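Taking it in order: structure first as structure tokens, then the write-up.
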Amino acid sequence: MRTALNIEARTIHDELHTVFGDEAPSYRTVTRWAQWFREGREEIEDEERSGRPVTKTTLDNIEEIRSIVNDDPYVTIAELQEHTGLSGKVSKCRKENVESENVEKKCRKAKCRKLRTPVNP
């Protein structure tokens with residue numbers, strides 16, 4: 015509505031920042047919205063588009079990866095991707111949600127035990 019009254023995006027952003035503080039949308043976001051409204055758009059929600067949908071890091075995905083890693087601390091990212099059907103999110107999910115819970119420590123201990131095991135010549 016403010017855009018319909020020809021109020022500049024900077025003024026709209028300043029008003030939003032006054033009301034919402036750090037929770038206000040960025041200036042860039044406000045300028046994008048203002049442009050959309052000037053072009054006749056009525057909502058700020060993204061329109062549907064074709065292509066592959068983004069896979070979110072859901073609790074189910076995290077739990078599935080955690081379970082696989084707990085069963086096999088040596089599992090590779092490629093194997094996790096194959097088992098879960100997830101792509102680039104696997105590495106991020108594992109690092110942020112699984113390894114942070116001492117799975118990495120467990121893996122290191124398992125590797126150390128393996129190295130200390132005597133090998134028969």
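Residue 15 is where the sequence shown starts when you use my numbering, and the numbers rise one by one after that.
Ideal placement from N, C-alpha and C gives every residue a C-beta, glycine not left out.
It should be emphasised that the depicted structure is a prediction, and the values quoted were computed from it without experimental measurement.
- Beyond the five residues adjoining it in sequence on each side, Thr45 comes within less than 6 Å, by CB distance, of Ala23 in the same chain, given in chain order.
- Under the rule that a run must span 4 or more residues, the alpha helix (DSSP H) segments found entirely inside the segment 20-88 read 23-34, 41-52 and 73-85.
- Annotated as proximal: Asn75 and Leu100, with beta-carbon spacing under 8 Å.
- The three-state reading of DSSP puts Leu94 in helix, counting H, G and I together.
- The alpha-carbon of Thr32 is positioned some 34 Å away from that of Thr72.
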